[in-house]
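The structure appears right after this line, and notes come after that.
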């Protein structure tokens, strides 16, 4: 899909790491530009001119075209690869997981990691719904992963990469992964597939 | 992609209407089962057995396969149709809008409509960030739609259907669409394309 691209991202952000991991797995050259999501540098006039949504990750391809949204960048990089199922229904289920991730997982799991671990917000000041909804999201993953090795069956897809990004560091958000043994085994499996064991966990 | 399907949905939910509109446009037979998102009927053991995420819309195809997430159902129905761009980069930008919709538009615009209009929450009790972020989302649409007739260029795609679903009734959430003239013209255009002028606005 592309010869190479520049990726603006923060290496503590699962959303930003997703397209980086996909590029590395597929052998697409990627030039990483480190950004800080917390200091306002994604909201400067210069950055807003690149991405009016004021968010990272942002990909700029070698032909100058721009693309935002972690899952959209992953899909663009991975079209035609084995990270997207060829079967239409399996592909649809991959999309189901990708949208569910952005709606029901990231806004609770990633937000609790950010507040508790990076912003050092005292636990008593956090919305208690974050813990409840985050555990519901982890339980939803556990339910699937007791049935299948990966979220859409027997092989790694973009759904696993999207969901593992924050799940693998959810303990930083006060979630007890030991309550979810199938999730823990799946994290180890996906980490090994991506060659990121022990990395990007701070 | 399918001969026909049953769609569990609420007709006041933009998320549920999206796949209904796509099916109708593409001539796919759809059997609608009306659900109430507010009375707990998507959280009964019977419904959770159909969709462990406890959400509508839920599609059950004639072969018994199930699929959740409004945007995933739309993609499945529309694969191979002109609602998904054939050009890889245009298709990627469509995905960018679909993920942005679920992360940055629906959780503020739809949530404010639900609280203010359906749940009759007094405005003073609403999180003021909902109004601010909702207006930022509408301004983001306005910026694009002053440049192009549709979100991904010159023709209707799933991005327009996803974004119009709640934008067209955002006044129920206290947003002033008259501040966004290009958005208003686009709503009229998409409504006409879908044949839904004046409908589903209560």
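Protein chains in written order, with UniProt numbering: chain A, 1 to 202; chain B, 1 to 202.
For every residue, glycine included, the Cβ atom is placed at its ideal position computed from N, Cα and C.
Since this is a predicted model, take the numbers as computed values, not measurements.
Could you list the residues in the region 52 to 63 of chain A with a C-beta less than 7 Å from some C-beta on chain B, going in chain order? 52 and 53
Looking at chain A, is there any beta carbon in it that lies within less than 9 Å of the beta carbon of residue 100 of chain B? The sequence position of residue 100 of chain B within the second chain is 100, counting from 1. Closer than 9 Å: yes.
Partner residues on chain A for residue 118 of chain B, Cβ-Cβ distance less than 7 Å: The residue you call residue 118 of chain B lines up with position 118 of the second chain. In chain order: nothing, as chain A lies at least about 19 Å away.
Alpha carbon to alpha carbon, what distance is there between residue 186 of chain B and residue 153 of chain B? Mapped onto the second chain, residue 153 of chain B falls at position 153. Mapped onto the second chain, residue 186 of chain B falls at position 186. One C-alpha to the other measures close to 12 Å.
Where the beta strand (DSSP E) containing residue 175 of chain B begins and where it ends: Position 175 of the second chain, counted from the start, is the residue given in the question as residue 175 of chain B. Neither: residue 175 of chain B is in no beta strand (DSSP E) and is coded neither H nor E.
Is residue 12 of chain A helix, strand or coil by DSSP? Here the question's residue 12 of chain A lines up with position 12 in the first chain. Reduced to three states, the DSSP call for residue 12 of chain A is coil.
Does any C-beta atom of chain B lie closer than 9 Å to the C-beta of residue 29 of chain A? Here residue 29 of chain A is taken as the residue at index 29 of the first chain, counted from 1. No - not a single Cβ of chain B is within 9 Å of the one on residue 29 of chain A.
Can you tell me where the alpha helix (DSSP H) holding residue 46 of chain B begins and where it ends? Within the second chain, the letter at position 46 stands for residue 46 of chain B. Counting along the chain, the alpha helix (DSSP H) containing residue 46 of chain B begins and ends at 45 to 50.
What's the C-alpha gap between residue 16 of chain A and residue 105 of chain B? For this step, residue 16 of chain A is matched to residue 16 along the first chain. For this step, residue 105 of chain B is matched to residue 105 along the second chain. Approximately 20 Å, taken between the alpha carbons.
Kindly indicate which three-state DSSP category residue 150 of chain A falls into: helix, strand or coil? Sequence index remark: in the first chain, residue 150 of chain A carries index 150 (1-based). Here residue 150 of chain A sits in strand by DSSP.
Would residue 85 of chain B pass as a contact of residue 94 of chain B if the rule is Cβ separation under 9 Å? In the second chain, residue 85 of chain B corresponds to position 85, counting from 1. In the second chain, residue 94 of chain B corresponds to position 94, counting from 1. A contact, by the Cβ cut-off of 9 Å.
Nearest neighbour of residue 141 of chain A, chosen from A:9, A:192 and A:98 [CA to CA]: As a working note, residue 141 of chain A is residue 141 in the first chain. Measuring from the Cα of residue 141 of chain A, the nearest candidate turns out to be A:98.
I want to see whether chain B comes within less than 9 Å of residue 107 of chain A, judged by CB atoms only; does it? Position 107 of the first chain, counting from 1, holds the residue named residue 107 of chain A. Yes, residue 107 of chain A counts as interfacial toward chain B.
Taking 8 Å as the threshold, find out whether the region 166 to 180 of chain A comes into contact with the region 121 to 139 of chain A through three or more Cβ pairs. yes
Less than 9 Å between the beta carbons of residue 12 of chain B and residue 202 of chain B, yes or no? The residue you call residue 12 of chain B lines up with position 12 of the second chain. The residue you call residue 202 of chain B lines up with position 202 of the second chain. Closer than 9 Å, so yes.
Closest to residue 83 of chain A by CA distance: which of A:198, A:195, A:166 and A:22 is it? Here residue 83 of chain A refers to the residue found at position 83 when the first chain is read from its first residue. Residue 83 of chain A has its Cα closest to that of A:22, out of A:198, A:195, A:166 and A:22.
Cβ of residue 25 of chain A within 9 Å of Cβ of residue 193 of chain A? For the purposes of this step, residue 25 of chain A is taken as residue 25 along the first chain, with counting starting at 1. For the purposes of this step, residue 193 of chain A is taken as residue 193 along the first chain, with counting starting at 1. Against a cut-off of 9 Å, the Cβ pair of residue 193 of chain A and residue 25 of chain A comes out as a contact.
Where residue 197 of chain A falls: helix, strand or coil (DSSP): For the purposes of this step, residue 197 of chain A is taken as residue 197 along the first chain, with counting starting at 1. Coil, per DSSP.
Determine the DSSP secondary structure at residue 30 of chain B, reduced to helix, strand or coil. As a working note, residue 30 of chain B is residue 30 in the second chain. Residue 30 of chain B falls in the strand class under three-state DSSP.
Quick one: residues in its chain with C-beta nearer than 7 Å to the C-beta of residue 111 of chain A, no 5 flanking neighbours on either side, listed in chain order? If you number the first chain from 1, residue 111 of chain A lands on position 111. Answer for residue 111 of chain A: 130, listed in chain order.
For residue 38 of chain A, would you say it is in contact with chain B, using Cβ-to-Cβ distances shorter than 9 Å as the test? Numbered from its first residue, the first chain carries residue 38 of chain A at position 38. It does not: the Cβ of residue 38 of chain A has no partner Cβ on chain B nearer than 9 Å.
Contacting residues, own chain, Cβ-Cβ under 7 Å from residue 48 of chain A (five flanking each side not counted): On the first chain, residue 48 of chain A is found 48 positions in, with the first residue counted as 1. For residue 48 of chain A, where only same-chain residues beyond five positions count, the Cβ hits under 7 Å are 54.
Any contact between the region 115 to 130 of chain A and the region 176 to 183 of chain A? By contact I mean 3 or more CB pairs, one from each, below 8 Å. no
When the distance is taken between beta carbons, is residue 34 of chain B closer than 9 Å to residue 10 of chain B? As a first step, residue 10 of chain B is located in the second chain; it is residue number 10 there, counting from the start. As a first step, residue 34 of chain B is located in the second chain; it is residue number 34 there, counting from the start. Yes, they are a contact pair.
Amino acids of chain A, ordered along the chain, whose beta-carbon sits closer than 7 Å to that of residue 96 of chain B: As a working mapping, residue 96 of chain B is identified with position 96 in the second chain. Within chain A, the residues near residue 96 of chain B are 67, 68, 69 and 72.
CB residue 103 of chain B to CB residue 58 of chain B, shorter than 9 Å? Taking the second chain and counting its residues from 1, one reaches residue 103 of chain B at position 103. Taking the second chain and counting its residues from 1, one reaches residue 58 of chain B at position 58. Against a cut-off of 9 Å, the Cβ pair of residue 58 of chain B and residue 103 of chain B comes out as no contact.
Please list, in chain order, the chain B residues whose beta carbon lies closer than 7 Å to that of residue 115 of chain A. In the first chain, residue 115 of chain A corresponds to position 115, counting from 1. Those within 7 Å of residue 115 of chain A in chain B number zero; the least Cβ separation is about 15 Å.
Among A:3, A:5 and A:18, nearest to residue 165 of chain A - alpha-carbon criterion: If you number the first chain from 1, residue 165 of chain A lands on position 165. Out of A:3, A:5 and A:18, A:18 has the C-alpha closest to the C-alpha of residue 165 of chain A.
For residue 29 of chain A and residue 155 of chain A, what's the separation of their Cα atoms in angstroms? For the purposes of this step, residue 29 of chain A is taken as the residue at position 29 of the first chain. For the purposes of this step, residue 155 of chain A is taken as the residue at position 155 of the first chain. Distance between the alpha carbons of residue 29 of chain A and residue 155 of chain A is about 24 Å.
According to the neighbour-count rule (16 or more other Cβ atoms, all chains shown, within 10 Å of its Cβ), is residue 144 of chain A buried or exposed? Translated into positions along the first chain, residue 144 of chain A becomes position 144. So residue 144 of chain A counts as buried.
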